[in-house]
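Peer 1: Take this structure, written in structure tokens, and hold onto it; I'll ask about it next.
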Amino acid sequence: MVSDDTIAATSANSVESTPATRRGWLQATAAGTLGALLGLGGQGTAAAVETGGEGPPEWVTPPTELGIETLLYERADLLEGERLGLITNPSGVDSSLTPTIDLLYEDEAFDLRKLFSPEHGIRGNAEAGEGVGDTVDEKTGLPVLSLYGDTRQLQPEMIEDLDAVLFDIQDVGVRFYTYIYDIARSLETIGDTDKRFVVLDRPNPIAPLSVTGSRIDDENATGIGDYRLPIIHGMTVGEIARYFNDEFDMGADLEVVQMRGWNREMWYDETELPFVPPSPNMPTTETAAIYPGMVYFEAATLSEGRGTTKPFEYVGAPWIDGQEWAEALNELDLPGVRFRPVWFEPTFDDHEGENVGGVQTHVIDRSHFQPVRVGLSMLVSAFLTYPESDWISWGDTYAIDSRANGSELRETIDAADPGTDPVALADQIRSDWETDIDEFRSVREPHLLYDDRWRGRRKGN
1 MVSDDTIAAT SANSVESTPA TRRGWLQATA AGTLGALLGL GGQGTAAAVE
51 TGGEGPPEWV TPPTELGIET LLYERADLLE GERLGLITNP SGVDSSLTPT
101 IDLLYEDEAF DLRKLFSPEH GIRGNAEAGE GVGDTVDEKT GLPVLSLYGD
151 TRQLQPEMIE DLDAVLFDIQ DVGVRFYTYI YDIARSLETI GDTDKRFVVL
201 DRPNPIAPLS VTGSRIDDEN ATGIGDYRLP IIHGMTVGEI ARYFNDEFDM
251 GADLEVVQMR GWNREMWYDE TELPFVPPSP NMPTTETAAI YPGMVYFEAA
301 TLSEGRGTTK PFEYVGAPWI DGQEWAEALN ELDLPGVRFR PVWFEPTFDD
351 HEGENVGGVQ THVIDRSHFQ PVRVGLSMLV SAFLTYPESD WISWGDTYAI
401 DSRANGSELR ETIDAADPGT DPVALADQIR SDWETDIDEF RSVREPHLLY
451 DDRWRGRRKG N
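Counting from 1, one number per residue, gives the positions in the sequence shown under this note's numbering.
Spelled out as structure tokens, the structure:
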């Protein structure tokens, strides 16, 4: 059963409302301002305060307390006497960067027996799409079973000696990210057992962006798109687990351990939590903000910047004049962004080792930034300006169709005249999504756990 113990979200800057923990965190007014000083690129961290004595400084409590911290310091009795498995990766850490694996393994209140590895591996040592094998965690000696190898789903025999499986991974709030499907598939398996599934909740790093993007129908469902999700879904991992479990009748015994001090108007850096890359090509919070629109380029013959230091911020191809394209994109006057010409040489993936011309997308005002609109406009511009651009396909199957819920986006761009306004065409494509988006907002509403004081204010992305 999902817990009815709903924890009220507190203000982003309310240090006074943050409970004390056994780490001896200090209250300080500086905690409420650090995120603003750091900005989006600051990758906010818990602030260190000099104590004037010997030894290391003590840590100031960030405004947001993670689900793992709520479990450890307030709800340890939830799993008392239970044999535990954990699905996690390097992003599963507390606010002082201690891995959840270590926290649970070293705490006598918990009986952690097994680890499960998603895409990229339990310690983050595998690239996108690279298979992950069963192994042993070197630090704890615990067995690690792969969920991204010969099987992509928990199997009943994997958990027959467990009472509960925990999930603690940082998501990025976008339909294309694979970790949320580890949740869905785990719920499917656990729904047929007497086991429990416990989600240790984490912030949605792009929560202020409004819900947008085409939803996925059953015939277009893939490993990076399923369960009628739009591109930007606006939910935390705990909320999306509730959505999966209830809306798709998975029947799992689900518990969400909520955060404190988080609401949907907070960008990740405003939580003052450290950002640990949840995958190799998601290095910063800027990447997470840009990602929802740039993922379209994965389905085209352009490079989306994989194999560079700026994945998804860089987009280009050998046939593109970066200076020319940057000027054309800036003339579109898209809110919140500017484009800078760049030349780069990917070390792997599309156009590996080639000299690529393109642009870097700079978010200069995230309160007006609409990543899906920006990405679509760039895609249209690239195809209309540079006829060498093409779609990735396997026979009659096009990669873009699974990302865009059918062939309409591809066919609309292919049929457009070279003089077509890229923004107008992007907006035409997006307008067809609105009815579905309104329906999704209504469907997800019962599954939300946190305050959203700006709901309805921010417009489509």
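Don't be surprised by glycine CBs; every beta carbon is placed ideally from N, CA and C. Treat the numbers as computed from the prediction; the structure is a model and nothing was measured.
Report the partner residues of R340 according to the DSSP bridge assignment.
Peer 2: Position 340 of the sequence shown holds residue 340. DSSP output for R340 lists Q360 as bridge partner(s).
Peer 1: Is the stretch 105-121 close to the stretch 195-207, with three or more CB pairs under 8 Å?
Peer 2: No, because fewer than three Cβ pairs between the stretch 105-121 and the stretch 195-207 fall closer than 8 Å, the two stretches do not touch.
Peer 1: Y105 to I429, Cα distance in whole Å?
Peer 2: The count along the sequence shown starts at 1 and reaches residue 105 at position 105. The count along the sequence shown starts at 1 and reaches residue 429 at position 429. So the alpha carbons of these two residues sit roughly 50 Å apart.
Peer 1: Would you kindly work out how many angstroms separate the C-alpha atoms of E298 and I413, rounded to a whole number?
Peer 2: Taking the first residue of the sequence shown as position 1, residue 298 is located at position 298. Taking the first residue of the sequence shown as position 1, residue 413 is located at position 413. Taking the straight line joining both Cα atoms gives about 16 Å.
Peer 1: Looking at A241: is its Cβ nearer than 8 Å to the Cβ of I190?
Peer 2: Position 241 of the sequence shown, counted from the first residue, corresponds to residue 241. Position 190 of the sequence shown, counted from the first residue, corresponds to residue 190. Taking 8 Å as the Cβ cut-off, A241 and I190 do not qualify as a contacting pair.
Peer 1: How many angstroms separate the CA atom of M282 from the CA atom of A288?
Peer 2: The count along the sequence shown starts at 1 and reaches residue 282 at position 282. The count along the sequence shown starts at 1 and reaches residue 288 at position 288. Going from the Cα of M282 to the Cα of A288 covers about 7 Å.
Peer 1: Would you mind stating whether P335 and F312 have Cβ atoms separated by less than 8 Å?
Peer 2: Reading the sequence shown from its first residue, position 335 is the one you call residue 335. Reading the sequence shown from its first residue, position 312 is the one you call residue 312. No, these two residues do not count as a Cβ contact at 8 Å.
Peer 1: Answer yes if the stretch 79-89 comes into contact with the stretch 162-182, meaning at least three C-beta pairs across the two stretches below 8 Å, and no otherwise.
Peer 2: With a cut-off of 8 Å, the stretch 79-89 and the stretch 162-182 count as touching, because enough Cβ pairs lie within range.
Peer 1: Pull up the distance between the alpha-carbon of P274 and that of V423, whole angstroms please.
Peer 2: On the sequence shown, residue 274 is found 274 positions in, with the first residue counted as 1. On the sequence shown, residue 423 is found 423 positions in, with the first residue counted as 1. Using only the alpha carbons, I get a separation of about 36 Å.
Peer 1: Between which residues of its own chain and F154 is the CB-CB distance below 6 Å, once the five residues before and five after are set aside?
Peer 2: Working through the sequence shown from its first residue, we reach residue 154 at position 154. The sequence shown places Leu at residue 154, not Phe. S186 and T189.
Peer 1: Give the DSSP-derived three-state secondary structure of W394 in the structure shown.
Peer 2: Within the sequence shown, residue 394 is the residue found at index 394, counting from 1. Three-state result, W394: strand.
Peer 1: Using DSSP with H/G/I as helix, E/B as strand and the rest coil, what is L329?
Peer 2: Here the question's residue 329 lines up with position 329 in the sequence shown. Reduced to three states, the DSSP call for L329 is helix.
Peer 1: Within 10 angstroms of the Cβ of W325, are there 16 or more other Cβ atoms? Answer buried if so, exposed if not.
Peer 2: The residue given as residue 325 occupies position 325 in the sequence shown. By the neighbour-count rule (16 or more Cβ atoms within 10 Å), W325 is buried.
Peer 1: Ignoring anything shorter than 3 residues, give me the beta strand (DSSP E) runs that lie fully in the stretch 97-124, in order along the chain.
Peer 2: Counting whole runs of 3 or more residues, the stretch 97-124 contains the beta strand (DSSP E) stretches 111-117.
Peer 1: What are the uninterrupted segments assigned as beta strand (DSSP E) that are 3 or more residues long and contained completely in the stretch 375-457, given in chain order?
Peer 2: The stretch 375-457 contains no whole beta strand (DSSP E) run of 3 or more residues.
Peer 1: State buried or exposed for E272, treating a residue as buried only when at least 16 other CB atoms are found within 10 Å of its CB.
Peer 2: Within the sequence shown, numbered from 1, the residue matching residue 272 stands at position 272. Flag for E272 reads buried.
Peer 1: Leaving out five residues before and five after D390 in sequence, what residues of the same chain have Cβ atoms less than 8 Å from its Cβ?
Peer 2: Numbered from 1 along the sequence shown, position 390 holds the residue referred to as residue 390. These residues qualify, in order along the chain: A300 and T301.
Peer 1: With distances taken between CB atoms, is the gap from P318 to S91 smaller than 8 Å?
Peer 2: For the purposes of this step, residue 318 is taken as residue 318 along the sequence shown, with counting starting at 1. For the purposes of this step, residue 91 is taken as residue 91 along the sequence shown, with counting starting at 1. The answer is no: Cβ separation not under 8 Å.
Peer 1: Can you tell me whether N263 is buried or exposed, with buried defined as 16 or more other CB within 10 angstroms of its CB?
Peer 2: Counting from 1 along the sequence shown, the entry for residue 263 is found at position 263. The residue is buried, with at least 16 neighbouring Cβ atoms inside 10 Å.
Peer 1: List the DSSP bridge partners of E255.
Peer 2: Mapped onto the sequence shown, residue 255 falls at position 255. In the DSSP output, where bridge partners are listed per residue, E255 has V198.
Peer 1: Assuming P371 and P292 form a contact by the criterion Cβ under 8 Å, report the distance between their Cβ atoms to the nearest whole angstrom.
Peer 2: Residue mapping note: residue 371 aligns to position 371 of the sequence shown, counting from 1. Residue mapping note: residue 292 aligns to position 292 of the sequence shown, counting from 1. Yes, P371 and P292 are in contact; Cβ-Cβ is about 4 Å, under 8 Å.
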